[in-house]
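2 protein chains.
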Amino acid sequence: MTRSEDVARAAGVSRATVSQILNGRGARFSEETRTRVLQVAAELDYRPSIAGRALAKGASDIVVALLPYTHLSGNLQAVLEQATEELARHGLTLLLRLTTKNPTSLEQLVAQLRPRAVFALWPFTADERAVLERQGVSAISPAELDDGFDRKIGRAQAEHLVAKGYRRLAYVHLEDDRFRIWGPPREHGLAEVCAERGLPDPVVLRPRLDPHEVLDALGALSRGSGVACYNDDIAIALMQAAAVRRIAIPDDLGIIGMDDTPLAAVTHPRLTTVSVDVSAAALRATRQLLEGLLIPAGLADIKQVDPQVIEGESA
Amino acid sequence: MTRSEDVARAAGVSRATVSQILNGRGARFSEETRTRVLQVAAELDYRPSIAGRALAKGASDIVVALLPYTHLSGNLQAVLEQATEELARHGLTLLLRLTTKNPTSLEQLVAQLRPRAVFALWPFTADERAVLERQGVSAISPAELDDGFDRKIGRAQAEHLVAKGYRRLAYVHLEDDRFRIWGPPREHGLAEVCAERGLPDPVVLRPRLDPHEVLDALGALSRGSGVACYNDDIAIALMQAAAVRRIAIPDDLGIIGMDDTPLAAVTHPRLTTVSVDVSAAALRATRQLLEGLLIPAGLADIKQVDPQVIEGESA
DNA sequence: GAGGCCTTGTAACGCGCGTCAACTAGAGTG
DNA sequence: CACTCTAGTTGACGCGCGTTACAAGGCCTC
Chain A
1 MTRSEDVARA
11 AGVSRATVSQ
21 ILNGRGARFS
31 EETRTRVLQV
41 AAELDYRPSI
51 AGRALAKGAS
61 DIVVALLPYT
71 HLSGNLQAVL
81 EQATEELARH
91 GLTLLLRLTT
101 KNPTSLEQLV
111 AQLRPRAVFA
121 LWPFTADERA
131 VLERQGVSAI
141 SPAELDDGFD
151 RKIGRAQAEH
161 LVAKGYRRLA
171 YVHLEDDRFR
181 IWGPPREHGL
191 AEVCAERGLP
201 DPVVLRPRLD
211 PHEVLDALGA
221 LSRGSGVACY
231 NDDIAIALMQ
241 AAAVRRIAIP
251 DDLGIIGMDD
261 TPLAAVTHPR
271 LTTVSVDVSA
281 AALRATRQLL
291 EGLLIPAGLA
301 DIKQVDPQVI
311 EGESA
Chain B
316 MTRSEDVARA
326 AGVSRATVSQ
336 ILNGRGARFS
346 EETRTRVLQV
356 AAELDYRPSI
366 AGRALAKGAS
376 DIVVALLPYT
386 HLSGNLQAVL
396 EQATEELARH
406 GLTLLLRLTT
416 KNPTSLEQLV
426 AQLRPRAVFA
436 LWPFTADERA
446 VLERQGVSAI
456 SPAELDDGFD
466 RKIGRAQAEH
476 LVAKGYRRLA
486 YVHLEDDRFR
496 IWGPPREHGL
506 AEVCAERGLP
516 DPVVLRPRLD
526 PHEVLDALGA
536 LSRGSGVACY
546 NDDIAIALMQ
556 AAAVRRIAIP
566 DDLGIIGMDD
576 TPLAAVTHPR
586 LTTVSVDVSA
596 AALRATRQLL
606 EGLLIPAGLA
616 DIKQVDPQVI
626 EGESA
């Protein structure tokens, strides 16, 4: 490992000079020493130790993304990948921390790692926010991933179903702890639309992904219902069950999924689903985080995008 | 933040005493001071700063899992979750690093973070191993995730198909860069079995998850083929296409998936697929890593498990 | 030539921790 | 009583870095 002292010696200057030049305070030095130091640092492939840096500055260049206890969908993964790249472009390293059933306390992680920021993929509780504030860590929870956005998803599903003429709506969750995060706000969005349009309250079901439970759920839906699903998986399962029961889709039952998974495109009939522009969402979220760290990133350039219905033939 | 000095003062001892007691070297101290220090540390909720620790010891308590550029399947996620828990039980923090299209160099990450170990979810190249060795970071690549294991998966699929009487086998990948990691060894396993049994070489297809390409792939398969799929998604897509083309499954075409996703259980006919005991695999991998760090973890207690065919009705 | 200012650079400290060599007190030994 | 030995504890150093107060030299002004 080359240390800053090695660079200093090789460049014939002091360590302090190296440190300043490499940390943006280089304007104070002569053009000549500045370029020399930069060049030597590059030649020696010098990389500041994150530990030393963190110790001296009180915070590292690491950003931790706290993942909720849920299935990592392709969309979520895409967001994280893009965020990883965008942050790397600004010298920050994005690391992921999974939440398990018995979660390690947020506090412990933050206390130990002293990350530059915490990227929460779900809304923080007031307690958690307090912890982070006390530790001086800025916490960003991208708007695209909060309650409001998920409500919009539910609303988009509902509005499409209503537009297609379905008057009796249903919301089908998945009975699995992992979906407790984003399911409720989506259901809420659906219920909102029903209330606004004077439609009856939606039927809400929570089957497991199990042949019997899915068939039961199907049985509980009245003919002519429009069914909004938590994700494409449960939507596809319902379609399969409908085929067995000889229920015609979309005539006897309308189904709309969520996520626009690749599989949605290859079902017959093709699944109608909801897509989110993950690329834009990720970019927005990342820039939001950067600006929270006072790093100009051009947040304003990117408009918030709304979930969009991808029309297939299932509703 | 409470520092070790705070603990020392509150317990009426020196910082050195605190540090030693909290790091396993407590046998040298009197029973009384030992318990007092431990108690005070707990009361003050003291957590050593990872930066200070890393600086002093030359390595942090962080283990980095390098994720390949692929879709994070439920299985992989389960492995990571369990590893997170198991490592936490030994005082190690598992952090995930996504590999993006333009990957940051492994070297940079290691140089900066100085992790205690690197957990690779795919086989390291010789270069990468060299980098890690030079940096003194132990690298563990769990056996369950290497070429050999994936070949076994392909073999298991093949042997099931053969046992069911299919004489002409095929392997269907997904045309997506993300599946370049584990696809080839699985195909190889399938081909091995064909060769051993004197069957013709398998047909290999690489459709995208797109209605036309999947239908085309289906068309390219001769009647009576047994088809091993890269994962359940493509298997389900093929089943959908077969329904459209009125090809009977499993009579005209046998299909076997891989992953045992929840969706596999709810298709009609139910998808035959391959399951891996992720829990055991994760435990083995984690303990392997711990023992690599000279932390006794009982690796021998856990036998390597083989992939297992979950029999449905599709093959 | 004395005083002041600007430019360029550096010495020295502290971040929080782990690790020893070294020290103390007391008990044991001859 | 002088000595050794052991158990228990601590002072002091270094890990690699960022930062700041300050030094040295050059130039300008009056």
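Quick mapping for you: the protein sequence lines, in order, are chains A and B. Note that our numbering has the first sequence beginning at 1, numbered continuously upward. Note that our numbering has the second sequence beginning at 316, numbered continuously upward. For each residue, glycine too, the CB sits at the ideal point set by N, CA and C. Predicted model only: the values in this text are computed from it and were never measured.
Within chain A, the residues that residue i reaches when beta carbons sit closer than 7 Å
i              : result
G627 (chain B) : Those within 7 Å of G627 (chain B) in chain A number zero; the least Cβ separation is about 10 Å.
T399 (chain B) : L98 and T100
A369 (chain B) : A51
G389 (chain B) : H71
E396 (chain B) : L98 and T100
Contact set between residue i and chain B, taken where Cβ atoms lie within less than 9 Å
i             : result
Q20 (chain A) : The contacting residues do not exist; Q20 (chain A) stays about 20 Å from chain B at best.
Of the residues the options, the one placed nearest residue i, counting alpha carbons only
i              : options                           : result
L169 (chain A) : A:A41, A:E81 and A:G254           : A:G254
K152 (chain A) : A:V137, A:D210, A:A11 and A:G189  : A:G189
D566 (chain B) : B:L424, B:S629 and B:H405         : B:S629
L524 (chain B) : B:E490, B:L387 and B:R512         : B:E490
L382 (chain B) : B:T332, B:L410, B:A478 and B:V620 : B:L410
Y230 (chain A) : A:R129, A:A156, A:L92 and A:T125  : A:A156
P115 (chain A) : A:L293, A:G312 and A:Q304         : A:L293
M258 (chain A) : A:I249, A:A158 and A:D127         : A:A158
L271 (chain A) : A:S279, A:I256, A:A280 and A:R284 : A:I256
I365 (chain B) : A:L199, A:A54 and A:R47           : A:A54
R223 (chain A) : A:R167, A:A88, A:I181 and A:A235  : A:R167
V589 (chain B) : B:T350, B:V581 and B:I625         : B:I625
H90 (chain A)  : A:K303, A:G298 and A:D201         : A:G298
K303 (chain A) : A:E133, A:P262, A:A281 and A:T286 : A:A281
L199 (chain A) : A:L218, A:P185, A:G226 and A:A220 : A:G226
For residue i, the first and last residue of its enclosing alpha helix (DSSP H)
i              : result
L533 (chain B) : P526 to A535
A65 (chain A)  : Unbroken run through A65 (chain A) is the beta strand (DSSP E), I62 to L66; no alpha helix (DSSP H).
A506 (chain B) : G498 to R512
L55 (chain A)  : I50 to K57
R287 (chain A) : V278 to G292
L38 (chain A)  : E31 to E43
A331 (chain B) : R330 to I336
L80 (chain A)  : G74 to A88
V7 (chain A)   : S4 to A11
E117 (chain A) : In the sequence under discussion, the amino acid at residue 117 (chain A) is Ala, which differs from the Glu named in the question. Where A117 (chain A) is concerned, there is no enclosing alpha helix (DSSP H), although the beta strand (DSSP E) it sits in stretches over A117 to A120.
Residues that residue i contacts on chain B, provided the C-beta gap is smaller than 7 Å
i              : result
A237 (chain A) : L578 and V581
L113 (chain A) : I365
D6 (chain A)   : What D6 (chain A) touches in chain B: nothing, since even the nearest Cβ is about 14 Å away.
D301 (chain A) : By Cβ distance, chain B contributes nothing, its closest Cβ being about 21 Å from D301 (chain A), past 7 Å.
Closer than 8 Å at the beta carbon, the chain B residues around residue i
i              : result
S60 (chain A)  : A366
L290 (chain A) : Neighbours of L290 (chain A) on chain B: none; closest Cβ ~17 Å, over 8 Å.
L95 (chain A)  : V379, L410, L411 and R412
Backbone CA spacing between residue i and residue j [nearest angstrom]
i              : j              : result
V165 (chain A) : E187 (chain A) : Reading off the sequence, residue 165 (chain A) comes out as Gly, not Val. Looking at the two C-alpha atoms, the distance is approximately 19 Å.
L530 (chain B) : I62 (chain A)  : 46 Å
A398 (chain B) : G339 (chain B) : 24 Å
S371 (chain A) : L113 (chain A) : Since the first residue shown for chain A is 1 and the last is 315, residue 371 (chain A) is missing from the structure and cannot be characterised.
A264 (chain A) : A371 (chain B) : 53 Å
S138 (chain A) : V355 (chain B) : 29 Å
Q308 (chain A) : L38 (chain A)  : 48 Å
D150 (chain A) : G183 (chain A) : 8 Å
S388 (chain B) : S60 (chain A)  : 31 Å
D631 (chain B) : T385 (chain B) : It is not possible to answer for residue 631 (chain B), since the shown part of chain B is limited to 316 through 630.
V13 (chain A)  : T2 (chain A)   : 16 Å
L520 (chain B) : S456 (chain B) : 29 Å
R15 (chain A)  : E85 (chain A)  : 31 Å
V477 (chain B) : G373 (chain B) : 54 Å
Opening and closing residue of the beta strand (DSSP E) in which residue i lies
i              : result
L97 (chain A)  : Checking the sequence, you will find Arg at residue 97 (chain A) rather than Leu. Per DSSP, R97 (chain A) belongs to the beta strand (DSSP E) from T93 to R97.
L484 (chain B) : R483 to V487
I625 (chain B) : Q623 to I625
A543 (chain B) : S540 to C544
S590 (chain B) : T588 to S590
I256 (chain A) : L253 to I256
L520 (chain B) : V518 to L520
A454 (chain B) : S453 to I455
Partners in chain A for residue i, counting only beta-carbon separations shorter than 9 Å
i              : result
Q392 (chain B) : H71, L72 and L98
| said: If the cut-off is 7 Å on Cβ atoms, which residues from the segment 510-538 of chain B count as contacting chain A, listed in chain order? | reply: Within the segment 510-538 of chain B, the residues whose Cβ lies closer than 7 Å to some Cβ of chain A are L524, D525, P526 and V529, listed in chain order.
| task | May I ask you to list, following chain order, the residues of the segment 556-575 of chain B that have a beta carbon less than 9 Å from some beta carbon of chain A? | result | Sequence-ordered contacts of the segment 556-575 of chain B with chain A read A556, A558 and V559 [C-beta pairs closer than 9 Å].
| said: Beta carbons nearer than 7 Å to chain A: which residues of the segment 450-484 of chain B have them? | reply: Of all residues in the segment 450-484 of chain B, none has a Cβ within less than 7 Å of some Cβ in chain A.
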